[in-house]
Amino acid sequence: MKMDSIGKDCKDLKKNYESCFNAWYSEKFLKNKGGNINDCEPLFQEYQKCLKAAIKKNNIPLWQLNGGMLTDSETKPNGDTT
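According to UniProt numbering, the sequence shown is numbered sequentially starting from 1.
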């Protein structure tokens, strides 16, 4: 089951990034043909930018999110990094 993006405006960006990643993973990585995951990086950056805007627009507290998408200063309440 695929999960929708938290931002409706990010839906196409998510789809494009997932398509790039899945193609790299199945056609290059799993078949040991090399390839560069960084080819998908620009798509990921655009998707990440959209997600951050959606999080802010929907007033989702960043400190409640867990994962590699956010930096330490973005995950703590009031930017507290202690």
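The C-beta atom is built at its ideal place from N, Cα and C for all residues, glycine as well. All values reported here derive from a predicted model rather than from experimental measurement.
Only residues of its own chain outside the window of five on either side were considered, and among them 7, 9, 10 and 13 have a CB closer than 7 Å to the CB of residue 50, listed in chain order. By the Cβ test, the segment 25 to 33 is not in contact with the segment 46 to 61, since fewer than three Cβ pairs between them sit closer than 8 Å.
Burial is judged here by how many other beta carbons sit within 10 angstroms of a residue's own beta carbon; residue 37 has fewer than 16 and is exposed. DSSP, read as helix, strand or coil, puts residue 22 in helix.
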